[in-house]
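Trainee:
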Amino acid sequence: DEAMTGNETANFEFPLITKHGIRIEVLLNATTRRDEQGNIIGVVGIGQDITGRIAQEREYSKLIDTANAPIFGVDTKGSVNVWNQCARKLVGYNTDEVMGHSLVKEFITEDYQASVQAVLDKALDGVETANFEFPLITKAGARIEVLLNATTRRNEHDKVIGVVGIGQDITARLAQEREYSKLIDNANAPIFGVDTQGRVNVWNQCAMKLVGYSLDEVMGKNLVQEFITNEYKDAVST
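Here it is in structure tokens:
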């Protein structure tokens, strides 16, 4: 009816039943047909069989929903459009409570909203981010720490349509790391650590008391070059 009044329709999806009773999905462009005087005489429909594509999309959605990692997705405006079972269990919100809502404004702590938004904006520009840590607030009000990989989502024409985030709950791991750091800092023996460049990155309270340098005075400094006597520098380096 729309095309018969001159209003053409693009990308309209509908099912057709074949002679053998099989349902196929069709993507239709309906174009108004006119005679040489410009009078409407009918409609021409140009279709595309998208049965296979839709089946793939359903399988993709099923894999996402049943994955053993929290997966969420947002559209180009940052509104949630993917929220799998693991995300529901982890955060406590069901699908109806999050779909269409702003991920950043409603579910990210205020101190991380800008950085999470920056990650999403980069992904929307085609620049993906791996291993980004940020907090989420559960429905019960608890803070959980998430390690995120943000991937650009595209349609069949390679147009960016949103972002998919695959997360990992690292709350327990970070708690263990903090406990480990606390044990080191309170140990009754001097403990220090260096990175691969030999720069100090661990300096506990006992080390501070023994050597006299505060944490701020040693962190990031080269242990051998700045705190070891010349005659022992080579031995300590090796």
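Position 92 of the sequence shown, counted from 1, bears residue number 1554 in my numbering, the numbering being contiguous throughout.
Every residue gets a Cβ at the ideal spot worked out from N, C-alpha and C, and that includes glycine.
1. On the criterion of 16 or more Cβ atoms from any shown chain inside 10 Å, does Tyr1555 qualify as buried, or is it exposed?
2. Mind checking Leu1636: buried by the 16 CB within 10 Å criterion, or exposed?
3. If you measure between the beta carbons of Ala1649 and Asn1666, is that distance less than 7 Å?
4. Looking at the structure shown, is Val1608 part of a helix, part of a strand, or coil, going by DSSP?
5. According to DSSP, simplified to helix, strand and coil, what is Glu1595?
6. Per DSSP, Glu1487 forms a beta bridge with which residues?
7. Have a look at Ala1602, Lys1567, Leu1610 and Ile1479 and flag the residue whose alpha-carbon is nearest the alpha-carbon of Ala1585.
8. Flag this pair as touching only if the stretch 1508-1516 and the stretch 1484-1493 have three or more C-beta atom pairs under 8 Å; answer yes or no.
9. In terms of residue numbering, what span does the alpha helix (DSSP H) encompassing Asp1678 cover?
10. Can you find a C-beta in chain C that's less than 7 Å from the C-beta of Glu1521?
11. Only counting the same chain, and skipping five residues up and downstream in sequence, which positions put a Cβ closer than 7 Å to that of Phe1476?
12. Can you list, in chain order, the stretches of the alpha helix (DSSP H) that have 4 or more residues and sit fully within the stretch 1481-1557?
13. Need the endpoints of the beta strand (DSSP E) that Asp1631 sits in, please.
14. Specify, as a first and last residue, the run of the alpha helix (DSSP H) that Asn1692 falls within.
15. Per DSSP, which one or two residues make a beta bridge with Arg1640?
16. I'd like to know whether the C-beta atoms of Thr1591 and Ala1612 end up nearer to each other than 7 Å.
17. How would you label Ala1517, buried or exposed, when you count the other beta carbons within 10 angstroms and need 16 or more for buried?
18. Taking the C-alpha atoms as reference points, what is the distance between Gly1660 and Leu1685?
19. Taking Ala1531 and Gly1629 to be in contact with their CB atoms under 8 Å, please state how far apart those CB atoms are, rounded to whole angstroms.
20. CA-CA distance, Asn1646 and Ile1653?
21. In terms of residue numbering, what span does the beta strand (DSSP E) encompassing Val1589 cover?
22. Check Ile1570 in the structure and name its three-state DSSP category.
23. Which residues in the same chain as Lys1644 place their Cβ atom closer than 6 Å to its Cβ, once the five residues preceding and following it in sequence are excluded?
Mentor: According to the structure shown:
1. buried
2. exposed
3. yes
4. strand
5. strand
6. Pro1477
7. Leu1610
8. yes
9. Leu1677 to Val1680
10. Of the chains in the structure shown, none is chain C; there is only one protein chain.
11. Val1488 and Leu1490
12. 1513-1528 and 1547-1553
13. Val1622 to Asp1631
14. Asn1692 to Ser1699
15. Answer is none; Arg1640 lacks a bridge partner.
16. yes
17. exposed
18. 6 Å
19. 6 Å
20. The displayed chain sequence assigns Ile, not Asn, to residue 1646. Cα to Cα, Ile1646 sits roughly 7 Å from Ile1653.
21. Where Val1589 is concerned, there is no enclosing beta strand (DSSP E), given that its DSSP letter is neither H nor E.
22. strand
23. none
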